[in-house]
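Undergrad: One structure, as structure tokens, below. Some questions next.
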Amino acid sequence: MSNFFSVRIETLGCRLNQVESEALAVRFAECGFDVFSKETEASILPVKLCIINTCTVTGKAEQKARRLIRLLLKEHEDAVIFVTGCYAELEADSIEKIHKRIIAFSGKKKDELDGLPQFLKDSCLKNKDLKEDTVNLKKNLLIFRNKIYSKEDRLDKSFLIKETERRKSMFKLSSPVFVFHSRASLKIQDGCNNACAYCRIRLARGTSVSLPAEEAVRRIVQIEKNGAAEVVLSGVNLSQYRDETYGGFANLLAMLLENTKKIRLRISSMYPECVDDGILKIVENKRICPHFHLSVQSGSDKILKAMNRPYREADIRRAVDNLRKVKDNPFIGCDIITGFPSETEEDFLQTFNMCEDLKIPGIHVFPFSARPGTKAFAMKPKVPEREAGRRASLLSELSEKNYQSYLASCNGKLFFGVIEKPQNNEDLRIVTENYLGLSLKLNKKAENYKGGEGLFVVINDGIAYLAD
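Right, here's the structure in full:
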């Protein structure tokens, strides 16, 4: 049992945040703290610290963060609420004004939290009353933050974007074991060099940086040694991955395949125009999961240009067609924004028709959200929220229709998958190599299977059955 107190870690937003939170949870556990989230069983020890890893991709994402902050303030009246992530990077002062028990920590310095668990452990050993004293705990957390950066530094944003420093620090939060999730993940890239008109993430995370290829290989080899059946390669924009010696993303994939034995690699997302011959040749490999998520946003060339996206509709169609040529029936996903300023009904129909023609089963759609600090914030004419919502609903309905058709096409076929860790006494579920989250039916001989294990299943009527 822990000698200290419980730490609750909650994560909002992208897979990068999940990867970072996982690593932080492992660090706290290694230092003797009890760690949990809303998805796991709560600790019997008092909760003295709540960490929230936030998102700023939309206004609703920030609203969700504020609701969670207030919920944790209410549920844990003696805890310090420590807020980091993209929202905390851009709105630190407004977050701290919510309550005196809140500390905001720079999202761009998030990887420096790698040292927080040991710092708190040392502080608790020096001061036995720290775990009972919220005021003193907050003082210690502020001391830690001030060791990383001062309030004056925070006001001078230039201190956060020195590239040599970022490359050294941006990949500290990494772990070969995982507390909350069944499938392993590795952050290999962060930030983005593009200037998309609507995107606030580039303001929060900075320009593109990449994990050196040799270090990426070392980390994935260790993940495989620890028994992981699959690893998700994560980044803000994997298309911008670059190693000074070994080159781009396709070369990294080749290195990872060459230096591992069985572990499967899942690509979190790609830009359509980057699905080139080099990528296509590599993803033919059976250990690359047949699941590709493309950052699309629109099927209208006019809107793509207004968004300052580096591709057009023809590139999207070409990417999907080519991926289907080299992979047998892969699951294709995409992001779509509806109601971007100046989007007409004709523009929307171009997007809808493209998704319908391509039979995309995984459309992640959300109405446009004007983000402060972006070019699109002041763009006109605005599309009414209700209309943007209507368009989003139509695409969601199309996605469900396409998904059911895709699921039916998998009937009777064999797939590899990873068992999900059961949550709150739920039945076992599995995520297949082609990204289907399904109920898993096991025979009595296989009752000892646990979350994180890989196995082959046959899909019938939307249910995964253990293969003979």
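In the UniProt record's numbering, the protein residues as written are 1 to 468. All C-beta atoms, glycine included, are put in the ideal place defined by N, C-alpha and C. In this text, all values refer to a predicted model and were calculated from it rather than measured experimentally.
(1) Measure the CB-CB distance between L428 and L414 and report whether it falls below 9 Å.
(2) Using a threshold of 9 Å, state whether the C-beta atoms of G278 and T338 are closer than that.
(3) Taking G299 as the reference, which of A464, D276, F340 and A213 has the closest Cα?
(4) Measuring alpha carbon to alpha carbon, tell me which of L211, F348 and L137 ends up nearest L173.
(5) In its own chain, which residues sit with a C-beta less than 7 Å from the C-beta of F144, not counting the 5 before and 5 after it?
(6) What do you reckon, are the CB atoms on G107 and A204 nearer than 9 Å?
(7) For the alpha helix (DSSP H) containing T351, list its first residue and its last residue.
(8) Just grab the DSSP bridge partners of V47 for me.
(9) Please classify D243 as buried or exposed, where buried requires at least 16 neighbouring CB atoms within 10 angstroms.
(10) Assign residue 550 to one of two classes, buried (16 or more other C-beta atoms within 10 Å of its C-beta) or exposed (fewer than that).
(11) Give the DSSP bridge partners of M270, in chain order.
(12) Between the C-alpha atoms of F36 and I44, what's the straight-line distance to the nearest angstrom?
(13) Return the first residue and the last residue of the beta strand (DSSP E) that F331 is part of.
(14) Could you tell me how far apart the beta carbons of N411 and I459 are, in whole angstroms, since I believe they sit closer than 8 Å?
(15) Below 8 Å on the Cβ atoms is my guess for K121 versus C31; work out the distance and round it to an integer in Å.
(16) Please report how far the alpha carbon of P330 lies from the alpha carbon of I316, in whole angstroms.
(17) Work out the CA separation of K401 and A392 for me, nearest whole Å.
(18) Tell me whether D243 sits in a helix, a strand or coil according to DSSP, three-state version.
(19) For the beta strand (DSSP E) holding P367, just list the boundary residues, first then last.
TA: Per the coordinate set shown:
(1) In the sequence shown, residue 428 corresponds to position 428, counting from 1. In the sequence shown, residue 414 corresponds to position 414, counting from 1. Contact flag unset, no.
(2) Taking the first residue of the sequence shown as 1, we reach residue 278 at position 278. Taking the first residue of the sequence shown as 1, we reach residue 338 at position 338. Here G278 is not near T338, since their CB atoms are 9 Å or more apart.
(3) Your numbering for residue 299 matches position 299 in the sequence shown. For the residues A464, D276, F340 and A213, the minimum Cα distance to G299 belongs to F340.
(4) Locating residue 173 in the sequence shown gives position 173, counting from the first residue. Residue L211 is the option with its Cα nearest to L173.
(5) Mapped onto the sequence shown, residue 144 falls at position 144. Within the same chain, Cβ atoms closer than 7 Å to the Cβ of F144 are found at L116 and F119, the five residues on either side in sequence being excluded.
(6) Numbered from its first residue, the sequence shown carries residue 107 at position 107. Numbered from its first residue, the sequence shown carries residue 204 at position 204. Yes; because the gap between Cβ atoms is below 9 Å, this pair is in contact.
(7) Residue mapping note: residue 351 aligns to position 351 of the sequence shown, counting from 1. Where T351 is concerned, the enclosing alpha helix (DSSP H) stretches over E345 to D357.
(8) Counting from one through the sequence shown, the residue named residue 47 turns up at place 47. DSSP lists S6 as the beta-bridge partner residues of V47.
(9) Counted from its first residue, the sequence shown places residue 243 at position 243. It counts as buried.
(10) Absent from the structure is residue 550, since the part of the chain shown begins at 1 and ends at 468.
(11) By one-based count along the sequence shown, residue 270 stands at place 270. Answer by DSSP bridge pairing, in chain order: L294.
(12) For the purposes of this step, residue 36 is taken as residue 36 along the sequence shown, with counting starting at 1. For the purposes of this step, residue 44 is taken as residue 44 along the sequence shown, with counting starting at 1. Taking the straight line joining both Cα atoms gives about 11 Å.
(13) On the sequence shown, residue 331 is found 331 positions in, with the first residue counted as 1. That run of the beta strand (DSSP E) goes F331 to T338.
(14) As a working mapping, residue 411 is identified with position 411 in the sequence shown. As a working mapping, residue 459 is identified with position 459 in the sequence shown. Rounded, the Cβ-Cβ distance is 6 Å, consistent with contact.
(15) Here residue 121 is taken as the residue at index 121 of the sequence shown, counted from 1. Here residue 31 is taken as the residue at index 31 of the sequence shown, counted from 1. Cβ-Cβ separation between K121 and C31: approximately 4 Å, consistent with a contact (criterion under 8 Å).
(16) For this step, residue 330 is matched to residue 330 along the sequence shown. For this step, residue 316 is matched to residue 316 along the sequence shown. In this structure, the CA atom of P330 is about 15 Å from the CA atom of I316.
(17) Within the sequence shown, residue 392 is the residue found at index 392, counting from 1. Within the sequence shown, residue 401 is the residue found at index 401, counting from 1. Straight through space, the alpha carbons of K401 and A392 are spaced by roughly 14 Å.
(18) Taking the first residue of the sequence shown as 1, we reach residue 243 at position 243. D243 falls in the strand class under three-state DSSP.
(19) Within the sequence shown, the letter at position 367 stands for residue 367. In the DSSP annotation of this structure, the continuous segment of the beta strand (DSSP E) that includes P367 starts and ends at G362 to P367.
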